[in-house]
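> Start counting at 1 in the sequence shown, then tack on 53, and there's your number in this note's numbering. Backbone N, C-alpha and C define an ideal beta-carbon position, used for all residues, glycine too. These numbers were taken from a predicted model, which means no experiment stands behind them.
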Amino acid sequence: MNVVLVTGGTGLVGRAIQNVIENDKRENEKWIFIGSKDADLSDKESTRKLFEHHKPTHVIHLAAMVGGLFHNMSHNLDFLRNNIYMNDNVLHTAHENNVVKVVSCLSTCIFPDKISYPIDETMVHNGPPHSSNYGYSHAKRLIDIANRGYYDQHGRLYTSVIPCNVFGPHDNFHPNDSHVIPGLMRRLYDLCKDGNTEDKVFTVLGSGKPLRQFIYSIDLAKLIIWVLREYESVEPIILSVDEAQEKSIAQVAETLAQTFNFKGKVMYDTSAADGQFKKTASNAKLRKYLPDFQFTPFEQAIKETVDWYIKNYDQARN
Ligand code: NAP
Ligand code: GDP
54 MNVVLVTGGT GLVGRAIQNV IENDKRENEK WIFIGSKDAD LSDKESTRKL
104 FEHHKPTHVI HLAAMVGGLF HNMSHNLDFL RNNIYMNDNV LHTAHENNVV
154 KVVSCLSTCI FPDKISYPID ETMVHNGPPH SSNYGYSHAK RLIDIANRGY
204 YDQHGRLYTS VIPCNVFGPH DNFHPNDSHV IPGLMRRLYD LCKDGNTEDK
254 VFTVLGSGKP LRQFIYSIDL AKLIIWVLRE YESVEPIILS VDEAQEKSIA
304 QVAETLAQTF NFKGKVMYDT SAADGQFKKT ASNAKLRKYL PDFQFTPFEQ
354 AIKETVDWYI KNYDQARN
C-alpha cells in the first residue's frame with residue numbers, strides 16, 4: 054500500500070488534489086491531507102511526530118508560506134526563513150523515514166529576473182531572482198539543490214514541479230496577502246454586494262501590463278498526481294499552460310469584471326508595483342510526456358472559481 058501524505062493539504066492546491074483524488078483514487082493508495090493544525094512543519098519535532106504517526110511512503114510537499122507580490126515585498130525575510138525550515142524538515146524527515154518519493158513545489162516566479170524567454174527547467178539557478186520576492190525564491194531554489202543532494206548521497210527520488218500562477222476554489226482571498234485573481238475577485242465581490250451600479254470603481258493595482266500564465270488548480274492537481282505516479286526524475290518539471298495562453302493583468306481584470314457582470318469602471322493604480330514584467334515559461338517538457346493534456350479554458354475556470362466564491366463567501370479565506 055502506498056501511503057501518500059500531502060502537506061499543505063488544506064490550501065488552494067491541496068484542496069484541488071483532494072477534489073481530483075475523490076474520483077481517481079487507486080486501490081493501492083491511501084491519501085492523507087494535512088494542514089498547519091496537524092503539524093507545524095517549521096518545527097522539526099512536530100514534523101517528526103507527523104511522519105511517525107502516518108508512516109508515509111510518498112509525500113506531496115505543498116506546505117509553504119505563500120503570498121502575492123505585495124506580501125512578498127514587505128516580508129522577504131519571513132518568506133526565506135519559514136520556507137527554508139519547512140522544506141528542510143519535510144525533506145530530511147522523509148529521508149529519515151525511508152519515504153521513497155517526494156514531490157515538492159517550486160514556482161515560475163523563482164526564475165532569474167534577467168533571462169531569455171521562454172524559460173525552461175534548466176534555468177532555475179542562472180541568476181538573481183526579481184528583487185520583489187528574493188526570500189521566497191531562494192528558499193524554493195534550495196529545494197532543487199537538496200533534491201540533487203538526496204539523490205547523489207542517498208539515491209533518493211525527491212523531485213519538484215514548477216507551476217505557473219495558480220487560481221481556483223479555496224484560494225486565499227484576503228486583501229493583504231492574496232495573489233492577483235483572488236485579490237481582484239474579493240474586491241469585485243465587495244463592490245457588487247451592496248448594489249452593482251455604474252458609479253462603482255474597480256481598482257486594479259499596477260499598470261495592468263504585466264503578463265502571466267495562469268493554471269486552474271484542478272488542472273494542476275491532475276498534473277501533480279501524474280508526477281507522483283509516473284515521473285521518475287529528480288530534475289524539476291514546469292507545470293504550466295501553453296505560452297499562447299499568457300494573459301495581461303488587464304485581460305484578467307476585464308474577464309473578472311465580465312464574469313461578475315460589473316457595471317462600473319475599471320481603473321489602474323499606477324502608483325502600485327507591477328512586479329516582474331513577465332516570466333513566460335515553456336511547457337515543452339510536460340508536452341513531451343502528455344501531448345494531449347487538456348487545460349480548462351481560462352474563462353471557464355474563472356467562472357467556476359467565481360461561482361464557488363459567491364456560494365462559499367462566508368467560509369472562504371477572506
Ligand atoms: P496556500 O493556499 O497558501 O496553502 C498553504 C498551505 O501550507 C496550507 O495548507 C497551510 O496550512 C500550509 N502551511 C503553511 N504554513 C505551515 C506550517 N508552518 N506547517 C504546516 N503547514 C503549513 O498555498 P497554495 O497556493 O496552495 O500553494 C501550494 C504550493 O504551491 C506552495 O508550495 C506554493 O509555493 C506553490 N505555488 C503556488 C502558486 C500560486 O499561485 N498559489 C504558484 C506556484 C507555486 P493551513 O491552511 O492549515 O494553515
Ligand atoms: P506575481 O505573479 O508573483 O507577481 O503575483 P501576484 O498574483 O501577486 O501579482 C501579479 C500581478 O498582478 C502584478 O503585476 C500586480 O501588480 C498585479 N495586481 C493587480 N492588482 C492586484 C491585486 O489586487 N493583488 C495582487 N497581488 N496583485 C495585483
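Considering only heavy atoms of ligand 1 and the C-beta of each residue, which residues fall inside 5 angstroms, strictly closer?
GLY61, THR63, GLY64, LEU65, VAL66, GLY88, SER89, ASP93, LEU94, SER95, LEU115, ALA116, ALA117, VAL119, CYS158, SER160, PRO216, ASN218 and VAL219
> Taking only heavy atoms of ligand 2 into account, decide whether any of them is closer than 7 angstroms to the Cβ of CYS245.
no
> Measure the Cβ-Cβ separation of TYR138 and TYR242 and say whether it is below 8 angstroms.
no
> Between ALA325 and ligand 2, is the CB less than 7 angstroms from at least one heavy atom?
ALA325 Cβ: within cutoff of ligand 2.
> According to DSSP, is ALA334 part of a helix, a strand, or is it coil?
strand
> Would the stretch 204-219 and the stretch 252-269 be scored as touching if the rule is three or more Cβ pairs under 8 angstroms?
yes
> Taking the alpha carbon of LEU309 as the point to measure from, which residue in LYS154, LYS356 and GLN71 has its own alpha carbon closest?
LYS356
> Which residues in the same chain have their Cβ closer than 8 angstroms to the Cβ of ASN150, if we skip the five residues on either side of it in sequence?
PHE104, GLU105, LYS108 and PRO109
> Just to check my reading of the structure: CYS42 and ALA192 have Cβ atoms closer than 8 angstroms, yes? What is that Cβ distance to the nearest angstrom?
The structure shown does not extend to residue 42, since the chain spans only 54 to 371, so no value can be given for it.
> Using a Cβ-Cβ cut-off of 6 angstroms (strictly less than) and excluding sequence neighbours within five positions of THR349, which residues of its own chain qualify?
TYR269 and ASP272
> Whether or not the stretch 282-298 and the stretch 198-213 are in contact is what I'm after, with contact meaning three or more pairs of Cβ atoms, one per stretch, closer than 8 angstroms; do they touch?
yes
> If you count every other CB in all the chains shown that lies within 10 Å of the CB of TYR189, and 16 or more means buried, which is it?
buried
> Would you mind reading off the limits of the alpha helix (DSSP H) that contains LYS318?
Per DSSP, LYS318 belongs to no alpha helix (DSSP H); it is in the beta strand (DSSP E), 318-322.
> Would you report the Cα separation of THR250 and ASN314, rounded to the nearest angstrom?
The C-alpha of THR250 lies about 10 angstroms from the C-alpha of ASN314.
> In the DSSP assignment, what residue or residues form a beta bridge with VAL219?
ILE268
> Within the continuous beta strand (DSSP E) that includes PHE255, where are the two ends?
Looking at the DSSP string, the run of the beta strand (DSSP E) that includes PHE255 is 254-258.
> In the DSSP assignment, what are the bridge partners of CYS158?
VAL214
> Alpha carbon to alpha carbon, what distance is there between LEU281 and ASN18?
Here the chain covers residues 54 to 371 and nothing more, so residue 18 does not appear.
> For a test of your reading of the model: does the CB of HIS232 fall under 7 angstroms from any non-hydrogen atom of ligand 2? Yes or no.
In this structure, ligand 2 has a non-hydrogen atom nearer than 7 angstroms to the beta-carbon of HIS232.
> For VAL359, I'd like the list of residues in its chain whose CB is within less than 6 angstroms of its CB, leaving aside the five on either flank, ordered along the chain.
THR312
> When burial is assigned at 16 or more other CB atoms within 10 Å of the CB, is VAL153 buried or exposed?
With fewer than 16 Cβ atoms within 10 Å of its Cβ, VAL153 is classed as exposed.
> I'd like the span of the alpha helix (DSSP H) that includes PHE132, first residue to last.
Per DSSP, the continuous alpha helix (DSSP H) segment holding PHE132 begins and ends at 129-149.
> On a CA-only basis, which of ASP131, TYR170, HIS232 and HIS114 is nearest LEU94? Give me that one, please.
HIS114
> Which first and last residues belong to the alpha helix (DSSP H) in which LYS97 is found?
97-107
> Please return the same chain residues whose Cβ sits closer than 7 angstroms to the Cβ of ARG101, not counting the five positions on each side in sequence.
THR146
> Can you have a look at SER324 and say buried or exposed, based on whether 16 or more other CB atoms are within 10 angstroms of its CB?
exposed
> Figure out for me which residue from ALA326, VAL119 and ILE278 has the closest Cα to the Cα of VAL257.
Minimum Cα distance to VAL257 is reached at ALA326.
> By a C-beta neighbour count over all protein chains shown, 10 Å radius and 16 as the cutoff for buried, is GLU283 buried or exposed?
exposed
> Pull up the distance between the alpha-carbon of VAL156 and that of ASP197, whole angstroms please.
11 angstroms
> Under DSSP, the beta strand (DSSP E) around PHE86 begins and ends at which residues?
Start and end: 82-87.
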